Ligand code: ATP
Ligand code: MG
């Protein structure tokens with residue numbers, strides 16, 4: 001790692017095993033960015049973020065951290081090339097969030113779309129949950145990151161981060177670069193209920209799910225609601241199964257589109273789902289085997305995370321020194 005390389009940061013919440021949306025929308029892109037050799041990269045497992053929704057059920061978080069670490073590495077992340085670590089191992093994130101909270105107007109947080117949505121769907125109302133995008137801002141800028149590889153759902157959060165950076169730099173002087181989003185080719189994956197595939201909506205297919213579970217979930221997917229009988233013509237542009245087939249069965253996609261839209265009685269939604277389940281199982285079986293193997297050596301995973309945190313802490317503390325100095329805090333005077 002040299003100073004000239006651009007810095008990237010991204011992370012996932014340990015709210016469950018990773019799913020196809022996490023993979024196609026973010027992780028796949030992370031592996032490519034890592035392998036390009038062009039960046040200094042920090043990949044975080046954001047356990048404090050998980051507390052914003054799962055504060056009553058903290059018992060599973062440690063296990064999920066292991067699961068996600070295995071997901072990361074099985075998908076191709078290499079701890080020799082990138083720092084993989086747990087957010088709560090780098091306490092500087094919390095210090096920076098506290099300082100940022102002083103300059104962040106409350107309405108900026110209240111208007112974040114994922115806040116409004118989760119308030120309605122999950123009934124969340126805590127101060128910590130309102131501050132979620134601010135903690136995310138701290139996660140990113142504490143590494144003075146230039147880029148953040150994420151899915152489309154994260155764009156409003158990143159916009160807020162940029163606004164906060166501008167405000168901070170305006171008040172205290174230039175400390176932080178404004179980070180940019182690095183979107184992947186397939187930025188949005190729908191879940192079984194048509195909403196965004198999400199760990200917390202129970203509408204997801206995990207990369208590490210066994211074949212029978214994948215099959216069951218795929219068969220439960222919504223399709224085009226207007227296609228009731230097999231001979232009805234379908235609308236592929238709004239069908240979530242078709243959206244997934246585009247990714248997992250590109251070789252068949254033209255034929256499926258014409259058969260569905262023309263209402264060919266030989267080809268119905270059940271056949272689409274069976275093909276989709278087969279393709280997902282085929283693609284992710286080697287991944288599942290690798291992650292299961294990694295999970296047999298927890299000590300090794302723990303060591304990887306400890307090494308990653310050590311590297312992350314060096315950069316985070318460097319930033320905090322600049323921040324404390326800019327704020328004229330006691331310790332830097
Ligand atoms: P939660 O429900 O707990 O918020 P999540 O499934 O939305 O979990 P996150 O940990 O919030 O996952 O997001 C991790 C990364 O995965 C982010 O970069 C996000 O953009 C991406 N991502 C999550 N869901 C999808 C999706 N359905 N399609 C594309 N990308 C996604
Ligand atoms: Mg999310």
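Residue numbers (the numbering used here): 1 to 333. Even for Gly, the Cβ is constructed at its ideal location relative to N, Cα and C. All values reported here derive from a predicted model rather than from experimental measurement.
Check                                                                                                : Outcome
Simplified DSSP state of residue 93, which is helix, strand or coil                                  : helix
Which residues DSSP lists as bridging residue 256, in chain order                                    : None; residue 256 has no bridge partner.
Heavy atom of the ligand MG within 7 Å of residue 198 beta-carbon                                    : yes
Spatial distance of residue 164 from residue 233 (CA atoms)                                          : 49 Å
Where residue 87 falls, given that 16 or more other Cβ within 10 Å makes a residue buried            : buried
Near the ligand ATP: residue 150 beta-carbon under 7 Å from a heavy atom                             : yes
Sufficient close CB pairs (3 or more, under 8 Å) joining the region 41-55 to the region 124-131      : yes
Helix, strand or coil at residue 182 according to DSSP, with G and I counted as helix                : strand
Three-way DSSP call (helix, strand, coil) for residue 228 in this model                              : coil
Inter-stretch contact at 8 Å, needing at least 3 Cβ pairs: the region 76-94 / the region 25-36       : yes
Rounded straight-line distance, which links the Cα of residue 316 to that of residue 1               : Model confidence at residue 1 stands at a pLDDT of 49, short of 50, so the residue's coordinates are unreliable and nothing is read from them.
Backbone secondary structure at residue 235 - three-state DSSP                                       : coil
Cβ-based neighbour list, residue 155, same chain, cut-off 7 Å, excluding 5 preceding and 5 following : 181
Contact test: residue 189 Cβ vs the ligand ATP heavy atom, cutoff 7 Å                                : yes
Alpha-carbon spacing of residue 102 relative to residue 131, whole angstroms                         : 12 Å
Span separating the alpha-carbon of residue 74 from that of residue 14                               : 16 Å
heavy atom of the ligand ATP below 7 Å from residue 229 C-beta                                       : no
Residue from 45, 260 and 11 whose Cα sits closest to the Cα of residue 226                           : 260
Cα-Cα separation, residue 230 to residue 271                                                         : 11 Å
Residue 1 - DSSP class collapsed to helix/strand/coil                                                : Low confidence applies to residue 1: its pLDDT is 49, below 50, so where it sits in the model is not reliable, and the reading given next is rough at best. Here residue 1 sits in coil by DSSP.
Coarse secondary structure for residue 175, derived from DSSP in three states                        : coil
Whole-angstrom distance between residue 245 and residue 268, CA atom to CA atom                      : 14 Å
For residue 147 and residue 8, the rounded distance between their alpha carbons                      : 5 Å
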